[in-house]
Amino acid sequence: MRRDCLKLRLSDPKPGSISLSYHGSDSDDESSDRSRNSRRAADDLNMLPFNISAQDTRTHVVVELYETEKSYVEALEILVKKYLQPLKSPENAGLLDAFVVDEIFYQVPAILNVHQVFLEQLRRRLEQWDLQQKVGDVFLDVFTKPTVMDTYMSFINNLKKAKETIKTAAASRPAFAKFLDAMARDHKGKLSLDNLLIKPVQKFPSYKLLIQRLIKHTDQSHPDHKLLLEAQKEIHELLELINCTERESLEMEQQQQTMRELEQMIEGLSSLVTADRTFIKHEMVTMPSAQGTIKDRALFLFNDTLLITSVKRRTGTIKKPIPTYQSSIASQMEGNKYKLLMRISLADLEIVKAKDENVRRIMQEVASLTEDVSTLTQISRQVAALHAPHAQLADLVRDALLAANRQLLDRQASDTQLCYMEISVNTPNGPENLTIIFPKTEKRSSWEELINETKQKLCVYGHERPAPEFLSPVPIRKTRAGLQFTCAAPTLPPKGQAPDVWVCNSDGYVGQVCVLTLSPKPQVTSCNGVCNARILCVACVPPAPALTRQHTLDIPSTSSLNSTGSTGKPGISISDPDDSCKNIRLDSSSSSDDDDEGSSSENPDGERGERGERPTPAHSKSLSTPHTGHAHMQVHPVIKSSSNPAVDKQAMGITSGTLSSPTSRQSSEDSSTSANQPTMWLGTEDGCIHVYNCLDNIRIKKNKIKLQHNSGVHSIVYMEGKVFVALGNGDLVVYCRDIDGSWCERATLCVGAGGPVSGMLLSAGRLWCATHSHIKIINPHSLQVDETFQISSESKPISHMAVAGGSIWLALHNAAQLRCYHATTRDQLAEINITPQVTKMLHGCDEIIRQHKAACLRVTALLAHRDTLWVGTSAGVLLSAPLHNSPNKRTGAFTVPHLTGINYGHTGHVRFLTVVENPAPQKQPAKPTQTLKTKALSRRSANAEKMQKQAENTQNNKETLIISGGDGYEDFRSSTMSEDAGREDSTNHLLLWRV
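Going by our numbering, the sequence shown opens with residue 216, and the numbers climb by one from there.
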């Protein structure tokens, strides 16, 4: 290509003004060599040949980028060469200590190195500039490195401390102050050290603007366009991170300053400022004294403490602290003196709910009048919008609104009891009740709600463990009277897609499956009957290993794959199935009779030709069955659903395919697709297991396999290529894959001695089976009972189990107690009664309802996930507790968790608890910088553990949801009875939390 050399001059660089690298202190010769190299580079850039016109805006923007970068590098070099190095030199050793100098200039040399590299790459691109030259990749090469983000975040986190150190040192050391003044005078822009230190924070907004201009003047077909778009995204994210870190730092400083001001203003207050404590709210109230008089008091609420102080008017001129911030609390507390009366830990504080029926009636009347005022206000606006004459109607509405407002004001003014809040404080001398009188009912309600929420976050999760975020209730309308939830489990979706949740209902006669989709928002897409019996359990079974390798699936944590429904057991870890398994033979049949008939035919030769697999014999082979003294094992061939037409028709006319022999493939494409899918196994009360493909539309697709047993199916667990089925007669049925991947064999272990196997879970590679009051631990490989131990001498059987770390949590049938056992030693570690916590949550309920729920209280669901125990109860109250898997560091004893009620629950029973891992809602796949962004934020966040878990979730591109299913929906925060209370009691609800 001919190069018409147009000489485009850059700004005249001064010799030695650009240093392309920094390696610490150099000798004079090395400094001189680097200066000569800089002059040579500058001379090269003075007259560059460009194969473009002088009017090319893109080139001018790149030149401007180079010039601004050169200026920035010069500023950083001044910080290093004029400040850092001289202050650490022996001749200036008396100005500042070396560690103080390092604290002030923390990460500045590292930032300089980054931008020297960036400047050098820009220079090289300009030396070889032509129409197709790129600069977007230079941004990506430099600013997507993890070290760059970490360096900038560390610098910004330290910046405030550095400025404070400079200020303190300048005030205490005159020689250092003179040094700073001299350096500022020598600077060509007369910039002080503070002004130079702020430049790294100001740099990225200029990058963002320059890249925007480059994109504007770069054609979409240009090779640099996509790179610039990606660079714009990376710079934008880094800029957001810098701004977020600055805001966090400012908010933290404001919190610290607020607490320092409170310490100065409140007499007798000390040791208030801690890194974990945050100020929330303060309020002027009154409280009755022991003498019967009403005294002015002030409340100060923190995330872990409540302060109660006396309030007196200032009588003289008293020195007040100067507010540091515009919204400082000091400006709101002017004119009063405060003296500390009580310092109450929120862990020792409880709000006593109003029990008097008269107060309840008053609260209901106020709530009704408030709703009437809101309704009449809306009517008034609509009447005003009428085009027809409406003067008379407007007068009527106005009079009604005035009357309602007057009644509401009178009621609120006369019934002062609505402004009272009673709290109970645990003191060394026993509980002490205090009465707090708020100026308005609304303030009392808001404070009651705020204290309860703050207490819950503190008691359940502590300073570093954030509470789960409640998302929403999802009502599921009943298509038949009497339908109740029984169980639920998520499907196994293709990688990157959101799973569905299969929620099972039954009225004792019909089994129904409702499909809950989570993307874009939780909603029920279908509810369809699948059988004529109660569905007791549901579990997701992944495909055979060969299919898993070919079709990557998004396999979630094990607790979300298996659900035993009404028993509420957690899931089981997924391991790779046996290597001998090849695939699963399942046919995706449609709802037509023709398809049903076709699905039962066989075509072994055709399948061999397409898939290279041998046909399966019509009868299953016997599985080797080692006998033990603990259990009796029977081996049976698989019961084919096609061999029993009467049984096949039980599932609402659904005809099943055979289990052990391949079905015909009328559509090879459809069959291949369905064979690659994981399956959902539904166990029913009449002993049937219905198997569906996960991705099938249950409205138009029928079950692929139906297995009949001689007793009800209580639990289904997938583990290491096997499916374990617990029956009501005490049998444990094991399904294994044949060499071609089909489920073709069954072995039976008699573990229950005639009683039901009420639940199963996996712990330390062993299957724990609950039968009566005993636990039997089974080796899943040898299918032998390794150990049996008794939980209780009571006649109550075990109803629920959950595993957390090295602990097993159990609940007995119709009992309100939880028991914890060591998974290795089998020792009982704790026993917890849930009654006090549930009773506390029910304080706002009617007395009769409260007594009824307390009389029949029991555990109805149990789940352990991420070091948190979730408990569902027959009262509809959900409890949670943090689990500490390691023993107490001081005593070495097991730490008994503290159960706390969750504000949202059900009106009736909690029917199940399940966990779902859902792809995080992101527009694009997570970049490495997004994970690094979260990690960097976690260092500054007060909730470090939460941010770490968010970082892990972001890296895996997932979020975790906890779902509870039960009768009705209840907000336990409100103590006010409304007219709507009870209307949704009969509607099944799903409640979702993000953890």
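Think of the CB as a built atom: it goes at the ideal place given N, C-alpha and C, for glycine as much as any other residue. Since we're looking at a predicted model, the values are computed, not measured.
Using the beta-carbon count (16 or more within 10 Å), is residue i buried or exposed?
{"i": "residue 273", "result": "buried"}
{"i": "residue 1004", "result": "exposed"}
{"i": "residue 1017", "result": "buried"}
{"i": "residue 367", "result": "buried"}
{"i": "residue 931", "result": "buried"}
{"i": "residue 314", "result": "exposed"}
{"i": "residue 974", "result": "buried"}
{"i": "residue 477", "result": "buried"}
{"i": "residue 433", "result": "buried"}
{"i": "residue 1094", "result": "buried"}
{"i": "residue 1049", "result": "buried"}
{"i": "residue 1087", "result": "buried"}
{"i": "residue 1209", "result": "exposed"}
{"i": "residue 724", "result": "exposed"}
{"i": "residue 496", "result": "exposed"}
{"i": "residue 996", "result": "exposed"}
According to the Cβ coordinates, are residue i and residue j closer than 8 Å?
{"i": "residue 899", "j": "residue 748", "result": "yes"}
{"i": "residue 999", "j": "residue 993", "result": "yes"}
{"i": "residue 946", "j": "residue 922", "result": "no"}
{"i": "residue 415", "j": "residue 481", "result": "no"}
{"i": "residue 613", "j": "residue 595", "result": "yes"}
{"i": "residue 337", "j": "residue 298", "result": "no"}
{"i": "residue 350", "j": "residue 278", "result": "no"}
{"i": "residue 929", "j": "residue 966", "result": "no"}
{"i": "residue 742", "j": "residue 905", "result": "no"}
{"i": "residue 687", "j": "residue 1128", "result": "no"}
{"i": "residue 691", "j": "residue 730", "result": "no"}
Among residues of its own chain, excluding the 5 on either side of residue i, which ones have a beta-carbon nearer than 6 Å to its beta-carbon?
{"i": "residue 333", "result": "357"}
{"i": "residue 689", "result": "737, 1205"}
{"i": "residue 321", "result": "373"}
{"i": "residue 1036", "result": "1023, 1043"}
Give the straight-line distance between the Cα atoms of residue i and residue j, rounded to the nearest whole angstrom.
{"i": "residue 955", "j": "residue 441", "result": "47 Å"}
{"i": "residue 443", "j": "residue 459", "result": "24 Å"}
{"i": "residue 648", "j": "residue 1040", "result": "44 Å"}
{"i": "residue 448", "j": "residue 424", "result": "12 Å"}
{"i": "residue 1287", "j": "residue 1176", "result": "Beyond the ends of the chain as shown, which are 216 and 1210, falls residue 1287; an answer cannot be given."}
{"i": "residue 673", "j": "residue 562", "result": "8 Å"}
{"i": "residue 565", "j": "residue 652", "result": "16 Å"}
{"i": "residue 398", "j": "residue 384", "result": "16 Å"}
{"i": "residue 1188", "j": "residue 471", "result": "30 Å"}
{"i": "residue 861", "j": "residue 759", "result": "For residue 861, the pLDDT reaches just 34, beneath the cut-off of 50, and the residue's location in the model is therefore unreliable, although a value from the coordinates is still provided. So the two alpha carbons sit approximately 31 Å from each other."}
{"i": "residue 319", "j": "residue 382", "result": "11 Å"}
{"i": "residue 435", "j": "residue 285", "result": "29 Å"}
{"i": "residue 238", "j": "residue 329", "result": "With a pLDDT of 38 at residue 238, under the threshold of 50, the modelled position of this residue cannot be trusted, and the question is left open."}
{"i": "residue 1089", "j": "residue 1077", "result": "12 Å"}
{"i": "residue 607", "j": "residue 586", "result": "24 Å"}
{"i": "residue 556", "j": "residue 526", "result": "10 Å"}
{"i": "residue 710", "j": "residue 335", "result": "42 Å"}
{"i": "residue 701", "j": "residue 518", "result": "39 Å"}
{"i": "residue 1203", "j": "residue 697", "result": "10 Å"}
{"i": "residue 308", "j": "residue 378", "result": "20 Å"}
{"i": "residue 1156", "j": "residue 455", "result": "Reliability of the predicted coordinates at residue 1156 is poor, the pLDDT of 41 falling under 50, and the value obtained from them is presented with this limitation in mind. Spanning the two alpha carbons is a distance of roughly 15 Å."}
{"i": "residue 390", "j": "residue 401", "result": "17 Å"}
{"i": "residue 422", "j": "residue 302", "result": "32 Å"}
{"i": "residue 523", "j": "residue 548", "result": "14 Å"}
{"i": "residue 638", "j": "residue 1059", "result": "14 Å"}
{"i": "residue 295", "j": "residue 409", "result": "14 Å"}
Here's a check: name, in chain order, each residue in its chain whose Cβ is nearer than 7 Å to the Cβ of residue i, leaving out the five neighbours to either side.
{"i": "residue 987", "result": "970, 1012"}
{"i": "residue 636", "result": "566, 651, 653, 659, 662, 663"}
{"i": "residue 411", "result": "290, 293, 294"}
Near residue i, what residues of its chain come up, given a Cβ to Cβ distance below 8 Å and the 5 sequence neighbours on each side ignored?
{"i": "residue 504", "result": "510"}
{"i": "residue 577", "result": "626, 630, 632, 633"}
Would you say residue i touches the ligand SAM, meaning its beta carbon is less than 7 Å from a heavy atom?
{"i": "residue 491", "result": "Summarising the ligand content, the structure contains no ligands, and the ligand SAM is consequently not present."}
Completely contained beta strand (DSSP E) runs for the segment 642-669, where each covers 3 or more residues: The beta strand (DSSP E) runs of length 3 or more contained entirely in the segment 642-669 are, from start to end of the chain, 645-652.
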